[in-house]
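Structure first, commentary second.
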Amino acid sequence: MAAAAEGGGGARSASEAPKIVWNQSQQRFETEDRKAYLEYVIRDGGQVMDIIHTFVPPSKRGLGLASLLCVAAFDHAKSHSMSVIPTCTYVSVSSFPPIFLPSKLGFI
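The UniProt record's numbering puts the sequence shown at residues 1 to 108.
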């Protein structure tokens, strides 16, 4: 079930960041309109989040959505004491905090 986003259907101001929603049933984080998303797989009995894919449609590129999706995923992993495996090529080790990466895989 997707976590409900608050707010009405009104226009968003230019300075307001798009809301990212956790869609637990589909194992992804997504924008409210579901057009941009990050997919993950839970591994090792819930101890590891493997981020496998990010997608932002051409019409929404350049807005920082992929980064916002990654931040939401990393925040979720941190709050659930999970390590992160950045299988997705967008999610590079140099771009995000290495503390979340499992040491047994040699990433720390």
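For glycine and all other residues, C-beta sits at the position ideal for the given N, C-alpha and C.
Across the region 56-64 and the region 72-84, are there enough close Cβ pairs to call them in contact, namely three or more that are closer than 8 Å?
Cβ pair count under 8 Å is below three, so no.
What do you reckon, are the CB atoms on Val56 and Ala36 nearer than 8 Å?
Closer than 8 Å, so yes.
Please classify Glu39: is it buried, with 16 or more other beta-carbons within 10 angstroms of its beta-carbon, or exposed?
Result: buried.
Could you compute how far the alpha carbon of Ala17 sits from the alpha carbon of Arg28?
Using only the alpha carbons, I get a separation of about 19 Å.
What's the gap between the Cα of residue 129 and the Cα of Ile51?
Residue numbering for the chain in the displayed model covers 1 to 108; residue 129 lies beyond these limits and cannot be assessed.
Return the chain-ordered list of same chain residues with a C-beta closer than 6 Å to the C-beta of Thr31, the five sequence neighbours on each side being excluded.
Pro18.
Return the CA-CA distance between Leu68 and Cys88, expressed in angstroms with no decimal places.
Each residue's alpha carbon lies about 15 Å from the other.
What is the residue span of the beta strand (DSSP E) that His53 lies within?
Residues 48-55.
Can you tell me where the beta strand (DSSP E) holding Ser83 begins and where it ends?
Taken as a continuous stretch (DSSP letters only), the beta strand (DSSP E) holding Ser83 covers 83-85.
Identify the continuous alpha helix (DSSP H) that holds Leu68 and give its terminal residues.
Where Leu68 is concerned, the enclosing alpha helix (DSSP H) stretches over 65-79.
With 16 as the cutoff for other CB atoms within 10 Å, does Ser83 come out buried or exposed?
Label assigned to Ser83: buried.
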